[in-house]
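Report on the following structure.
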Amino acid sequence: MTKGKVAGIIANLVFVEVDGPVQQNEICYINLGDTKLMAEVIKVMGTQAYVQVFESTRGLKVNDTVDFTGHMLEVSLGPGILSKNFDGLQNDLDKMHGVFLQRGEHTNPLEDDKKWEFKPIAKPGDVLEAAGWLGEVKENWMPHKIMIPFKFKGKYTVKSIVEAGEYTIKDTIAVVTDEDGKDIDLTMVQKWPVKVAIKAYKEKPRPFKLLETGVRVIDTLNPIAEGGTGFIPGPFGTGKTVLQHALSKQAEADMIIVAACGERANEVVEIFTEFPELDDPRTGRKLMERTTIIANTSNMPVAAREASVYTAMTLAEYYRAMGLKILLLADSTSRWAQALREMSNRMEELPGQDAFPMDLPAIISNFYSRAGFTYLNNDATGSITFIGTVSPAGGNLKEPVTESTKKAARCFYALSQQRADSKRYPAIDPLESYSKYAEYPELEKYFRENIDAEWPEKIALARDILIRSREVDEQINILGDDGVPIEYHDRFWKGEVVDFIILQQDAFDNIDNSTPLDRQKYMLDKVLDIYHTDFTFESFEDVGAFFKKVINVMKQMNYSEFQSDKFKENEKELNTLIEERKTA
Amino acid sequence: METQAFQKIYTKITQITKATCSLKATGIGYEEMAIVNGRLAQVVKIIGDEVTLQIFSGTEGVPTNAEVIFLGRPPVLKVGEELSGRFFNAYGDPIDGGPAVEGEERQIGGPSVNPVRRKQPSEFIPTGIAGIDLNNALVTGQKIPFFADPDQPFNQVMANVALRADADKIILGGMGLTNDDYLYYKNVFDNAGALDRIISFVNTTENPPVERILVPDMALTAAEYFAVDKHQKVLVLLTDMTLYADALSIVSNRMDQIPSKDSMPGSLYSDLAKIYEKAVQFPDGGSITIIAVTTLSGGDITHAIPDNTGYITEGQLFLRKDTDIGKVIVDPFRSLSRLKQLVIGKKTRADHPQVMNAAIRLYADAANAKTKQENGFDLTDYDERALNFAKDYSEKLLAIDVNVEVDQMLDTGWNLFGEYFKPAEVGIKQEFVDQYWPKED
């Protein structure tokens with residue numbers, strides 16, 4: 059392997075004089091005494107490799123030796139990933155010693171001696187390609203497929219496969235023969251470079267199914283498709299993280315991967331603390347059993363921040379190839395972009411807007427494109443739905459990271475400071491936000507067949523009600539309460555009903571926090587019924603008073619078990635209220 | 119200054135800029151400390167045998183034949199119980215006339231805590247200020263700044279918080295403090311007889327600005343010693359972080375780095391996060407809580423410094439002058455403590471969250487009524503009552519000179535509700551109304 063010597067140091071950018079070939083993005087280890095600092099080649103100039111060090115370079119000296127590894131940053135893929143807490147380089151955080159993260163400490167992401175209950179799927183004689191399923195083990199409750207390694211090209215014939223039984227990840231579980239007749243022993247682990255997309259699938263169609271999140275303002279008004287992409291930009295304090303946590307708790311997915319990228323450590327601690335306690339509403343198991351966390355919080359090394367989102371995406375792609383439905387959440391992609399900026403700045407590259415690197419839009423769209431719904435080679439399906447948050451500087455949505463992400467992601471969930479200030483949570487602005495999937499004919503068909511034949515029209519109407527309500531609200535503010543006709547108040551309040559009952563949702567209430575689709579449809583129908591009803595009022599004060607009562611009763615419905623006695627009681631109360639005011 | 123025998127002395131400086139000098143030297147470690155003609159400096163760049171040093175106090179008067187001695191170590195602080203009650207400069211040298219501290223040398227700016235070794239913060243820190251305890255309760259292990267205009271009395275509020283908070287150690291990191299403010303802190307701590315649990319690292323406006331960069335790391339290294347080794351509850355006060363960030367931008371500018379938003383270095387977020395994320399709750403009871411001050415220019419929170427801070431810290435506290443009562447209050451709308459949910463109603467009385475929300479909602483109604491009034495619309499009876507409530511609420515609870523126990527704050531809240539409103543207008547759960555609504559005589 060190539061060796062080198064340190065020739066210069068500026069913060070975590072190190073120049074290395076090399077004695078042989080190096081590749082772009084190759085991983086190397088710098089020897090600082092007994093400590094090995096991991097670094098990645100990001101530029102080569104003649105015999106000097108520029109490497110970014112994933113850890114602090116304090117104390118590093120010129121002429122310290124460097125060992126190159128010949129490969130890019132890789133992750134280990136095999137059973138044992140689920141429920142783990144990794145750092146951005148896939149070190150198992152729980153295996154680290156001491157209170158502080160010591161530099162140069164690398165831990166095994168998997169367990170070499172743990173026995174897994176293996177069941178073969180393939181038989182001797184079967185011909186498989188990369189990602190072909192050889193067998194499976196139970197990882198928590200999930201069927202974890204053992205596959206032909208993604209790096210393998212061409213076709214492989216299964217020569218032998220072990221019988222069902224307990225094996226470690228290091229045991230040979232199958233022998234396959236390649237097209238040249240060479241036998242290869244396979245274990246349950248394989249490695250893959252994180253910056254390269256895993257493409258071992260047959261086809262990636264346009265998304266055509268809804269991914270239920272239980273969040274009404276998303277599912278009903280701005281739905282995200284299974285295998286879709288979305289992003290949540292918002293100034294600080296508008297509830298980005300609460301929303302992401304809600305999604306990670308409720309979304310209808312087999313596995314959730316949370317990449318905490320450059321954000322607060324206490325927020326990750328909240329997941330560590332709560333997820334092992336919380337029940338997954340669909341399986342009745344603990345949420346942690348379907349969750350993997352990649353934690354690279356804001357105080358952890360900056361260069362590893364970039365790696366962390368790629369590590370998370372690669373793990374998602376691995377599980378997608380098993381035919382599973384993955385939801386990947388990254389909080390926040392802005393911090394990742396800032397890490398790129400710091401490095402580009404140190405390399406003295408010509409800066410783009412706000413000193414971000416010129417290729418930022420390309421990097422972001424390339425990353426988002428790794429999500430998607432796929433048909434695997436064996437016709438099973440698997441998907442990665444990706445939702446990233448963006449932390450726009452100064453809350454300004456015109457900054458480069460937000461703009462670049464807007465071009466790449468298909469759903470846009472704009473968090474509004476105004477809604478957050480008036481405590482209307484989740485603070486997703488219903489009119490600024492959009493879902494391009496809602497316009498897909500594939501998805502429209504899905505809605506008509508699975509929810510309601512009129513669903514798309516109903517959604518359009520709900521949006522119109524909100525727009526009209528906002529318009530008259532402005533008029534009322536200018537002209538005064540008694541300066542406008544009573545109908546204006548009626549129109550304003552009908553919009554408020556949609557806002558309070560459909561858009562607003564209490565993330566901290568055990569029932570209201572997650573609304574299944576049939577219940578969302580039921581409540582939307584109720585709200586639209588009220589919209590279609592004509593009421594008679596004597597004065598504008600009556601309008602507000604009446605609708606406040608309506609909202610209060612409907613909120614109680616949202617807080618009660620669906621179709622429970624309490625729910626029905628509230629519904630009856632609502633009907634009486636409406637009957638009293640209804641225009642004869 | 120520390121020098122040892124047999125140290126190599128370099129005397130040939132090849133390049134001098136406003137903040138840095140370069141020379142040929144070998145075997146030098148990155149971030150190593152050096153002394154240039156008696157001034158402290160740190161290695162910031164090594165290219166081959168050319169080493170660039172950042173001289174903290176500036177390069178004025180540094181000659182090309184200055185004596186340069188490398189110390190063979192990064193910046194360190196000697197830690198021990200002896201730190202208590204002492205005042206130090208940015209380098210950790212005493213400025214109170216006392217002897218040098220003997221103790222274990224620790225590198226400052228050390229590694230971060232493994233997130234899986236943290237505990238979720240859960241202990242309430244009462245301060246006696248109702249604008250904080252009632253509406254924005256603080257929790258051990260939290261990091262929160264005051265966002266304040268330079269003319270607001272944030273140093274007084276910080277000093278009060280420090281003295282009233284139940285902490286084993288209070289560590290002050292003063293950056294760009296005026297000499298008057300420094301003496302103010304010193305006096306307040308002295309008079310309160312609390313000096314033995316207070317440690318101060320101070321850089322005043324009389325000191326070179328670049329030295330400030332060391333202050334937070336010094337303060338937090340001391341904090342980590344007491345929180346990790348001694349399992350103590352440590353409160354760290356950092357004032358003013360805006361001046362710290364300004365010092366960073368001076369350095370990056372002199373190093374020819376490309377500035378990003380508001381001429382701040384592109385690494386501002388990471389630089390601030392490295393400091394604030396030292397706030398931590400350990401499972402064994404030790405904790406570091408950080409209360410900082412970020413001064414704003416003209417109340418602009420979209421400026422890079424408050425903006426990046428807001429994304430890192432767990433909330434922010436706004437001070438505002440309430441002209442109706444002529445006092446400074448903690449603004450209930452713009453202030454936020456993200457961790458308060460972990461303690462209010464759990465570590466405090468069960469009615470706390472409801473009283474807090476109801477009072478803020480009624481205060482908001484008063485604000486609307488005020489707008490209405492200013493626009494010349496008629497006020498309803500409810501509007502009038504809300505306005506009167508707001509004035510009392512501001513005076514008796516929000517003002518920063520309030521100093522009472524949480525239970526008393528809640529009782530005051532209930533009395534104000536009873537005085538101006540009917541239970542239906544306040545909208546609190548019936549069980550609490552039954553228990554606490556003031557009885558008519």
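Protein chains in written order, with our numbering: chain U, 59 to 642; chain H, 119 to 559. We put the CB at the ideal spot given by N, CA and C, even for glycine.
Please classify residue i as buried or exposed, where buried requires at least 16 neighbouring CB atoms within 10 angstroms.
| i | result |
| --- | --- |
| ARG274 (chain U) | buried |
| ILE256 (chain U) | buried |
| HIS349 (chain H) | exposed |
| PHE566 (chain U) | exposed |
| THR182 (chain H) | exposed |
| THR350 (chain U) | buried |
| GLN399 (chain H) | buried |
| LEU489 (chain U) | exposed |
| LYS584 (chain U) | buried |
| ARG503 (chain H) | buried |
| THR132 (chain H) | exposed |
| GLU456 (chain U) | Checking the sequence, you will find Lys at residue 456 (chain U) rather than Glu. The residue in question, LYS456 (chain U), is exposed, as its Cβ has fewer than 16 Cβ neighbours within 10 Å. |
| PRO334 (chain U) | exposed |
| LYS196 (chain U) | exposed |
| LYS173 (chain U) | exposed |
In whole angstroms, what separates the C-alpha of residue i from that of residue j?
| i | j | result |
| --- | --- | --- |
| LYS488 (chain H) | SER453 (chain H) | 20 Å |
| ASP171 (chain U) | ILE227 (chain U) | 8 Å |
| THR594 (chain U) | SER240 (chain H) | 52 Å |
| PRO424 (chain H) | LEU437 (chain H) | 14 Å |
| ALA395 (chain U) | THR427 (chain H) | 17 Å |
| ILE242 (chain U) | ASP236 (chain U) | 8 Å |
| VAL352 (chain H) | PHE344 (chain H) | 7 Å |
| VAL520 (chain H) | PHE558 (chain U) | 36 Å |
| GLY145 (chain H) | THR413 (chain H) | 42 Å |
| TYR128 (chain H) | ILE165 (chain H) | 17 Å |
| ASN436 (chain U) | GLY190 (chain U) | 8 Å |
| LYS379 (chain H) | PHE414 (chain U) | 10 Å |
| ALA152 (chain H) | PRO167 (chain U) | 41 Å |
| LYS640 (chain U) | ARG526 (chain U) | 21 Å |
| VAL194 (chain H) | GLU223 (chain H) | 6 Å |
| THR339 (chain H) | ALA451 (chain U) | 30 Å |
Below 8 Å on C-beta distance, what does residue i contact in chain U?
| i | result |
| --- | --- |
| SER232 (chain H) | For the sequence presented, residue 232 (chain H) should be read as Asn rather than Ser. The contacting residues are LEU151, MET154, GLY156, VAL157, PHE158, LEU159. |
| TYR387 (chain H) | GLY320, SER356, ARG393, GLN396 |
| GLU395 (chain H) | ARG322, ALA323, THR355, SER356, ASN357 |
According to DSSP, residue i sits in a beta bridge with which residue or residues?
| i | result |
| --- | --- |
| LEU195 (chain H) | H:ARG224 |
| GLN160 (chain H) | H:MET151, H:GLN172 |
| LYS640 (chain U) | U:PHE593 |
| LEU670 (chain U) | Nothing in the structure corresponds to residue 670 (chain U), since chain U is present only between 59 and 642. |
| LYS351 (chain H) | H:SER405 |
| ASP125 (chain U) | U:LYS61, U:TYR87 |
| ILE219 (chain U) | U:ALA232 |
| ASN321 (chain H) | H:MET293 |
| ASN143 (chain U) | U:ILE351 |
Output, in chain order, the set of chain U residues within a Cβ distance shorter than 9 Å of residue i.
| i | result |
| --- | --- |
| GLN86 (chain H) | Any answer about residue 86 (chain H) is impossible in this case: the structure gives chain H only from 119 up to 559. |
Mind listing the chain H neighbours of residue i? Cutoff is C-beta to C-beta under 9 Å, in chain order.
| i | result |
| --- | --- |
| LEU118 (chain U) | GLY147, TYR148, GLU149, ILE164 |
Below 8 Å, is the gap between the Cβ of residue i and the nearest heavy atom of the ligand ATP?
| i | result |
| --- | --- |
| VAL133 (chain U) | Among the components of this structure there are no ligands whatsoever, and the ligand ATP is therefore not found. |
Could you work out which residues of chain H lie near residue i, taking near to mean beta carbons separated by less than 7 Å?
| i | result |
| --- | --- |
| THR115 (chain U) | TYR148 |
| ALA294 (chain U) | Note that residue 294 (chain U) is Phe in the sequence shown, not Ala. Result: GLY428, TYR429. |
Note down, in chain order, every chain H residue with its Cβ under 8 Å from the Cβ of residue i.
| i | result |
| --- | --- |
| SER449 (chain U) | TYR429 |
Can you list the residues of chain U that residue i reaches, using a CB-CB cut of under 7 Å?
| i | result |
| --- | --- |
| ALA391 (chain H) | SER356, ASN357 |
At least one CB of chain A closer than 9 Å to the CB of residue i: is that the case?
| i | result |
| --- | --- |
| ASP92 (chain U) | Absent from the structure: chain A. Protein chains present are U and H. |
Practice item. May I ask you to list, following chain order, the residues of the stretch 462–489 of chain H that have a beta carbon less than 7 Å from some beta carbon of chain U? Key: none
Review point. In chain order, what residues of the stretch 336–361 of chain H put their CB closer than 7 Å to some CB of chain U?
Key: VAL346
Review point. Mind listing which residues of the stretch 531–548 of chain H have their C-beta closer than 9 Å to chain U's C-betas, in chain order?
Key: none
Practice item. Note down, in chain order, all residues in the stretch 402–420 of chain U with a beta-carbon under 7 Å from any beta-carbon belonging to chain H. Key: ASN403, PRO409, ASP412, ALA413
Point to revise | Residues, ordered as in the chain, of the stretch 451–485 of chain U that lie near chain H by beta-carbon distance below 9 Å | key: Listed in sequence order: ALA451, GLY452, GLY453, ASN454, GLU457, ASP479, SER480, LYS481.
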